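S.K.: Numbered per mature numbering (1 follows the signal peptide of the UniProt record, and there is no 0), the sequence shown spans residues -23 to -1, 1 to 396.
Beta carbons: idealized from backbone N, C-alpha and C, even for Gly.
The structure displayed is predicted, hence computed values, not measured ones.
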Amino acid sequence: MKKVMLKTSLSLAVTLASTQLFASGFALNEQSVSGMGTGFAGRSSSADDASTVFGNPAGMSRLKREQITVGGAAVIAKSDISGGGRPGGSTDGDMVPFVGVPMGYYVKPIDDHWTVGFGVYAPFGLVTEYEDEAASRYWGKKSYVEVITFQPTVSYAFNDKVSIGFGPTFNRIKGELSSNVLNPRSPGFNDGEVKIKGDDTAVGYNIGVMVQATDKTRLGLTYHSMVDYKLEGNTKINSALIGPFSGSKFDAELKIKTPESVDFSVTHELDDQWTLYAGSTWTRWSRLEAITVTNEVPAPIAGQFGTINEDQNWHDTWAHAIGASYKLNKEWVLRTGFTVDQSPTNNHDRSPRIPTGDRKVFSLGAGYSPTEDMTIDLAYSYLWEEDTKVNLASPTKGSYNAKYENSAHGIGASLTYRF
């Protein structure tokens, strides 16, 4: 993948956590609108529609009709920033623009045992953009990263109780990163700038098992694999720091891994109207100990921009959710859920690109089926985080000390059509 890091702007590709997305780190949860309504509490055990391709591939065996599910989610975030940095700058405005997350799935039963399907969705992503004079501009100005995944999938039902599913994932990542370079002769004036762009494709897999433990209770377990990316690209530097090399592009390499996760959930049909959900997700964010970038630069600036390392020291996280749905009548199903989600960052290394803390999410949703062939799902979520602090200092970037108060509204809509 073409992408690079410099000392002036190293918090990129792997440190992609964003305040506007409803999962920890830089993971996204918005792969299912029906699941969004219950706070994703039953993601690996519900199999309500074709979005189970992501939630649990084994769940395709429960879908007895050919069907397609398409939809999207939008995230409207707000971040109040207080504090500042040296050599100065503003903390006005939000750094999170409007974000859209698309999704699409198809499932087709072959016989009583085999089902095939595929999905297109976004498992990871980030968009943050500070204003031109933001106090954080030396540590991070703009960050844009998206991962789009295509997943062909197959499931096999051993009997009415147990099924398994598997799907390789083909993942395309692209991104852009920029930050300012501090002018050592006149700090805060005539800043330089670093811009980074790149993309790559890598392969992973998802695998799941689903068990109908009793007539009323269903269990699901899903494993989403680690994906290994090799970022190869170039960085453009405009700065008086590098004299005649200013404005040049330099080749660079960065290896990163998006983390594996395990999701376990339970779906229990309390009666003909009420269904309860509970689930937990573990994510191995501790893979992100540091980012090391190798830049192919001329000898005069190799000491400053050659090999660069930035500690991250992320830790593994847990997310827990509970939810419920109520079948109001033949046409309508109402949903709600509540989620608590840990942040993988720590107070020492937290960056303005990833100013997130532990979060809570409250969700509401509804499913409307005007006919047996069609269902329209709607969902709303409200996220709020604990206040977090960023405290950073560097002789080449100055200092940045700020408090973030983050919250977000999410809305989603999808259409399922059965053939």
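1. Quick check on the DSSP output: what are the complete beta strand (DSSP E) runs of length 3 or more inside the segment 126 to 175, in order along the chain?
2. With a CB to CB cut of under 6 Å and the five nearest residues on each side skipped, what residues in its chain are close to E7?
3. Using a Cβ distance threshold of 8 Å, determine whether the segment 258 to 278 contacts the segment 327 to 336, with at least three qualifying pairs required.
4. Could you tell me the alpha carbon to alpha carbon distance between G65 and K232, rounded to whole angstroms?
5. For the ligand MG, is there a heavy atom less than 6 Å away from the beta-carbon of R264?
6. For D57, tell me which candidate among T68, L305, A279, K174 has the shortest Cα-Cα distance.
7. Smallest Cα separation from S340: which of Y82, T146, G12?
8. Name the two residues that bound the continuous beta strand (DSSP E) containing T46.
9. Helix, strand or coil: how does DSSP classify T29 here?
10. From the DSSP output, in three-state form, read off A351 for me.
11. Hey, quick one: how far does the beta strand (DSSP E) through V76 stretch, first residue to last?
12. Compare the beta carbon distance of H245 and K172 with 7 Å and say whether it is the shorter of the two.
13. Quick one: what does DSSP say F17 is sitting in, helix, strand or coil?
14. Check each candidate in N157, T146, G210, Y206 and name the one with the smallest Cα separation from Y182.
15. Just curious, the beta strand (DSSP E) that G197 is in, first and last residue?
16. Is the segment 235 to 245 touching the segment 256 to 269 in the sense that three or more CB pairs, one from each, lie closer than 8 Å?
17. Considering only residues of the same chain and omitting the five flanking positions on each side of R42, which have a CB-CB separation below 8 Å?
18. Taking 7 Å as the cut-off, decide whether the C-beta atoms of H201 and S238 are in contact.
19. So E362 packs on S376, CB below 8 Å; how close in whole Å?
20. Mind checking S163: buried by the 16 CB within 10 Å criterion, or exposed?
21. Give the range of the beta strand (DSSP E) segment to which P100 is assigned.
22. Decide if W295 is buried, meaning its Cβ has at least 16 other Cβ atoms within 10 Å, or exposed.
23. For D335 and D318, which I take to be in contact (beta-carbon distance under 8 Å), what is that distance rounded to the nearest angstrom?
24. With G387 and V52 assumed to form a contact (beta carbons below 8 Å), what rounded beta-carbon distance in angstroms separates them?
25. Below 8 Å, can you find three or more Cβ-Cβ pairs linking the segment 138 to 153 to the segment 184 to 192?
26. S391 to R312, Cα distance in whole Å?
27. Leaving out five residues on either side along the sequence, give the residues of the same chain with a beta carbon under 6 Å from the beta carbon of F127.
28. Check whether the segment 107 to 127 touches the segment 147 to 158, taking contact to mean three or more Cβ pairs, one atom from each stretch, closer than 8 Å.
29. One question on the structure: do S28 and T92 come within less than 7 Å of each other, judged by their Cβ atoms?
30. Using only the alpha-carbon positions, how far apart do P34 and F95 sit?
31. Identify, in the order they occur along the chain, each residue of the same chain with its Cβ nearer than 8 Å to the Cβ of R39, setting aside the five sequence neighbours on each side.
32. How many angstroms separate the CA atom of W291 from the CA atom of M203?
33. DSSP three-state label for V204, please.
34. Can you tell me where the beta strand (DSSP E) holding I233 begins and where it ends?
35. For F17, count neighbouring C-beta atoms within 10 Å of its own C-beta (all shown protein chains included) and say buried if the count is 16 or more, exposed if not.
36. Which residues bound the beta strand (DSSP E) around I219?
M.R.: Let's see:
1. 139 to 158
2. Translated into positions along the sequence shown, residue 7 becomes position 30. The residues are A50, V78.
3. no
4. Mapped onto the sequence shown, residue 65 falls at position 88. Mapped onto the sequence shown, residue 232 falls at position 255. Using only the alpha carbons, I get a separation of about 33 Å.
5. This structure does not include the ligand MG; it has no bound ligands of any sort.
6. Counted from its first residue, the sequence shown places residue 57 at position 80. Here the closest residue by C-alpha is T68.
7. Locating residue 340 in the sequence shown gives position 363, where the first residue counts as 1. Nearest of Y82, T146, G12 to S340, Cα basis: G12.
8. For the purposes of this step, residue 46 is taken as the residue at position 69 of the sequence shown. Element bounds for T46: 44 to 63.
9. Residue 29 sits at position 52 when you count from the first residue of the sequence shown. Note: T29 maps to helix in three-state DSSP.
10. If you number the sequence shown from 1, residue 351 lands on position 374. Going by the sequence as given, residue 351 is Met instead of Ala. Residue state, collapsed to three classes: strand.
11. Against the sequence shown, residue 76 aligns to sequence position 99. Element bounds for V76: 76 to 86.
12. Within the sequence shown, numbered from 1, the residue matching residue 245 stands at position 268. Within the sequence shown, numbered from 1, the residue matching residue 172 stands at position 195. Contact flag unset, no.
13. Working through the sequence shown from its first residue, we reach residue 17 at position 40. DSSP places F17 in coil when its eight states are reduced to three.
14. Locating residue 182 in the sequence shown gives position 205, counting from the first residue. Ranking N157, T146, G210, Y206 by Cα distance to Y182 puts T146 first.
15. Translated into positions along the sequence shown, residue 197 becomes position 220. Here the beta strand (DSSP E) through G197 covers 194 to 201.
16. yes
17. Here residue 42 corresponds to residue number 65 of the sequence shown, with the count starting at 1. Once the five neighbours on either side are set aside, the close Cβ partners of R42 are P86, R395, F396.
18. Walking along the sequence shown from the start, residue 201 turns up at place 224. Walking along the sequence shown from the start, residue 238 turns up at place 261. Yes, the Cβ-Cβ distance between H201 and S238 is below 7 Å.
19. Within the sequence shown, numbered from 1, the residue matching residue 362 stands at position 385. Within the sequence shown, numbered from 1, the residue matching residue 376 stands at position 399. No, E362 and S376 are not in contact; Cβ-Cβ is about 23 Å, not under 8 Å.
20. If you number the sequence shown from 1, residue 163 lands on position 186. So S163 ends up on the exposed side.
21. Start at 1 with the first residue of the sequence shown, and residue 100 comes out as number 123. Note, P100: beta strand (DSSP E), 91 to 106.
22. Looking up residue 295 in the sequence shown gives position 318. Exposed, because fewer than 16 other Cβ atoms sit within 10 Å of the Cβ of W295.
23. Mapped onto the sequence shown, residue 335 falls at position 358. Mapped onto the sequence shown, residue 318 falls at position 341. That pair is a contact at about 7 Å.
24. Taking the first residue of the sequence shown as position 1, residue 387 is located at position 410. Taking the first residue of the sequence shown as position 1, residue 52 is located at position 75. Yes, they are in contact, since the Cβ atoms of G387 and V52 sit about 5 Å apart, within 8 Å.
25. yes
26. Taking the first residue of the sequence shown as position 1, residue 391 is located at position 414. Taking the first residue of the sequence shown as position 1, residue 312 is located at position 335. Their Cα atoms are separated by approximately 15 Å.
27. Numbered from 1 along the sequence shown, position 150 holds the residue referred to as residue 127. V97, F147.
28. yes
29. Sequence index remark: in the sequence shown, residue 28 carries index 51 (1-based). Sequence index remark: in the sequence shown, residue 92 carries index 115 (1-based). Taking 7 Å as the Cβ cut-off, S28 and T92 do not qualify as a contacting pair.
30. Here residue 34 refers to the residue found at position 57 of the sequence shown. Here residue 95 refers to the residue found at position 118 of the sequence shown. Their Cα atoms are separated by approximately 10 Å.
31. Here residue 39 refers to the residue found at position 62 when the sequence shown is read from its first residue. Same-chain partners within the cutoff: A24, T29, S140, M187.
32. Position 314 of the sequence shown, counted from the first residue, corresponds to residue 291. Position 226 of the sequence shown, counted from the first residue, corresponds to residue 203. Between W291 and M203, the C-alpha separation is close to 16 Å.
33. As a working note, residue 204 is residue 227 in the sequence shown. Strand at V204.
34. Sequence index remark: in the sequence shown, residue 233 carries index 256 (1-based). First-last of the beta strand (DSSP E) with I233: 226 to 235.
35. Here residue 17 refers to the residue found at position 40 of the sequence shown. When all chains shown are included, F17 counts as buried.
36. Taking the sequence shown and counting its residues from 1, the one referred to as residue 219 is at position 242. No beta strand (DSSP E) holds I219; DSSP gives it neither H nor E.
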